[in-house]
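Taking it in order: structure first as structure tokens, then the write-up.
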Amino acid sequence: MEHAVREEQGNLIVSFQGDVDLEHSPKAREVLLGCVAKGQDVFVDLSEVSYIDSSGVASLVEAFQASKQKGTRFVLVAVNAAALRVLELARLDKVFTIHETLVEGIRGGT
Amino acid sequence: MPEFRSKRVLQLRFPARAAELKRIREAVRESVEGCGCSAKSTADIVLAIDEACQNIIRHAYRRESDNVIELEIEHRGDGLVFSLLDHAPTIDPSQVKPRDLDDLRPGGLGTHFIRRVMDEVDFMRPVSGHGNLLRMVRRID
């Protein structure tokens with residue numbers, strides 16, 4: 004798994020590439036919680052994620068809950084079909100705010 | 030009862046380590062695709078097997094180790110039979126339950142994924158009398 008974080012218009016954009024699995028989800032969790040802790044809105048680009056398991060999903064849920072406590076936005080963008088299927092299996096596709104593109108995500112509401 | 034010919038399509042022994050799981054997923058993907066599963070079903074099955082292996086690492090062996098996990102896939106008639114064997118202390122199957130999805134919290138999704146994907150999930154007593162044997166069946170669509 005690779006990741007990158009950049010700042011755009013005061014928002015933090017986190018993108019992951021590769022497998023967000025049991026081996027790599029601790030790093031994903033650290034990155035996501037670190038971004039949320041900064042108090043900015045966080046947009047997570049999942050377009051290049053080839054695989055995500057329950058541990059990766061758990062990292063997203065934990066960061067999502069942390070953002071709620073902070074009162075900031077935590078938005079998933081460009082979620083590819085493989086990752087979306089896993090979110091659907093967990094019935095989290097209706098819990099997370101998901102936008103098709105980063106532009107839509109930043110422009111969108113909650 | 031029709032008699033189905035059974036064919037073993039995969040047999041693996043590997044240490045209970047997270048770093049092993051990527052190659053296990055690849056092996057499962059190749060085997061399941063070779064049995065005629067659709068791309069979507071294959072992805073679901075790969076997830077379920079991965080989660081079952083994770084449960085062994087995290088809950089049966091309680092941590093990563095060189096303890097062995099054995100995986101076997103058999104193609105029987107219109108279905109696939111997955112057997113996962115560990116040598117950990119016997120667990121209580123009634124404690125392995127999917128959590129309520131309305132209770133939003135980070136963990137506990139793995140067992141839910143397994144039960145959503147597989148048509149049958151059973152804990153069985155291994156022939157050796159020790160360890161845990163998880164048998165899962167998925168019909169081929």
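Chains as they are written, first to last, in my numbering: chain P, 4 to 113; chain R, 30 to 170.
Heads up, the beta-carbon is just placed ideally off N, CA and C, and yes, glycines get one too.
In this text, all values refer to a predicted model and were calculated from it rather than measured experimentally.
Item to complete: Identify every run of the alpha helix (DSSP H) within the stretch 79 to 135 of chain R, keeping only runs that are complete inside it and at least 4 residues long; order them along the chain.
Response: DSSP runs (the alpha helix (DSSP H)) wholly in the stretch 79 to 135 of chain R: none.
Worksheet item: Of the residues that make up the stretch 141 to 157 of chain R, which ones have a beta carbon closer than 9 Å to any beta carbon in chain P?
Response: Hits within the stretch, in order: His141, Phe142, Arg145, Val146.
Fill in: Residue interval of the beta strand (DSSP E) (run including Arg76 of chain P)
Premise fails: Arg76 of chain P is in no beta strand (DSSP E) and is neither H nor E.
Discussion item. Suppose contacts are defined by Cβ-Cβ distances below 8 Å. Is Val166 of chain R in contact with Gly108 of chain R by that definition?
Written reply: Against a cut-off of 8 Å, the Cβ pair of Gly108 of chain R and Val166 of chain R comes out as a contact.
Fill in: Interface residues of chain R facing Val98 of chain P [CB-CB closer than 8 Å]
Around Val98 of chain P, the beta-carbon contacts reaching into chain R at under 8 Å are Leu133.
Worksheet item: chain R partners of Val60 of chain P, CB-CB under 7 Å?
Response: Going along chain R in sequence order, the residues near Val60 of chain P (Cβ under 7 Å) are Leu138.
Discussion item. Please report the distance separating the alpha-carbon of Glu103 of chain P from that of Ala81 of chain P.
Written reply: Distance between the alpha carbons of Glu103 of chain P and Ala81 of chain P is about 5 Å.
Worksheet entry | Where Phe99 of chain P falls: helix, strand or coil (DSSP) | Note: Phe99 of chain P maps to coil in three-state DSSP.
Item to complete: From the DSSP output, in three-state form, read off His6 of chain P for me.
Response: Correct three-state label for His6 of chain P: strand.
Discussion item. Rounded to the nearest angstrom, what separates Asp151 of chain R and Leu113 of chain R at their Cα positions?
Written reply: Looking at the backbone, the Cα of Asp151 of chain R and that of Leu113 of chain R are separated by about 11 Å.
Worksheet item: If you check the beta carbons only, do Asp73 of chain R and Asp56 of chain P fall under 8 Å apart?
Response: Not in contact: Asp73 of chain R and Asp56 of chain P (Cβ atoms no closer than 8 Å).
Item to complete: Determine whether the Cβ of Met165 of chain R lies closer than 8 Å to any Cβ atom of chain P.
Response: Taking Cβ atoms only, chain P never reaches closer than 8 Å to Met165 of chain R, which makes this a no.
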